[in-house]
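Residues are numbered in the working numbering as their position in the sequence shown, beginning at 1, plus a constant of 1.
Have a look at the structure below, then the notes.
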Amino acid sequence: MDARLDFFTDAKPGKAFTHLMSAGRAIKELPLPAATQELLALRVSQINGCAVCVDMHTKEAAAAGESATRLHLVAAWREATVFTEAERAALELAEEGTRVADAAGGVGDEVWARAARHYDQDQLKALVLFVSFMNMVNRLNVITRQPAGNYVAGQFH
2 MDARLDFFTD
12 AKPGKAFTHL
22 MSAGRAIKEL
32 PLPAATQELL
42 ALRVSQINGC
52 AVCVDMHTKE
62 AAAAGESATR
72 LHLVAAWREA
82 TVFTEAERAA
92 LELAEEGTRV
102 ADAAGGVGDE
112 VWARAARHYD
122 QDQLKALVLF
132 VSFMNMVNRL
142 NVITRQPAGN
152 YVAGQFH
């Protein structure tokens with residue numbers, strides 16, 4: 002499969018894309034555990050069917066020491082016993098934030114309250130920004146059919 006577009010072939014779109022990726026790097030530096038970020042990136046990407054992001058975040062998480070068991074169980078996190086309560090709250094918030102079109106009310110108050118029990122205000126801001134950013138990147142990649150399978154951990158760092 003070949004990508005439909007390369008954002009770097011023209012100066013103006015390339016500049017905009019570079020700014021988007023800079024925003025992503027800034028979001029990754031917010032006070033949210035790196036392991037949580039990779040789990041969320043993986044789950045949001047699974048929901049959105051973004052193969053290139055599933056490839057990337059699975060490999061990044063594994064390179065950072067995440068266990069294969071936890072990576073394999075992200076899609077079934079509700080039934081899995083390998084996630085902390087904080088991770089479960091973040092995964093739930095990420096799912097509802099990703100499925101806003103499916104859930105008429107968006108992120109429910111109970112879901113927000115569970116996340117707020119585990120994360121302070123700065124971390125909640127980081128969660129919202131991170132989930133929103135991942136959804137945007139997933140959509141860019143899905144629309145342009147970016148191929149998966151060739152990512153090498155650390156490639157974009």
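Note that CB positions come from ideal geometry on N, CA and C, so glycine has one too.
Taking 8 Å as the upper bound for CB-CB distance, residue 99 and residue 48 are in contact here, some 5 Å apart. Taking the Cβ atoms as the reference, residue 128 lies roughly 10 Å from residue 117, outside the contact range of under 8 Å. Counting only residues of its own chain and dropping the five nearest sequence neighbours on each side, residue 42 has a CB closer than 7 Å to the CB of 54, 58, 135. A residue is called buried once 16 or more other Cβ atoms fall within 10 Å of its Cβ, and residue 68, having fewer, is exposed.
For residue 50, the closest C-alpha among the options 26, 145, 88 is that of 145.
Ranked by Cα distance from residue 130, the first of 79, 3, 45 is 45.
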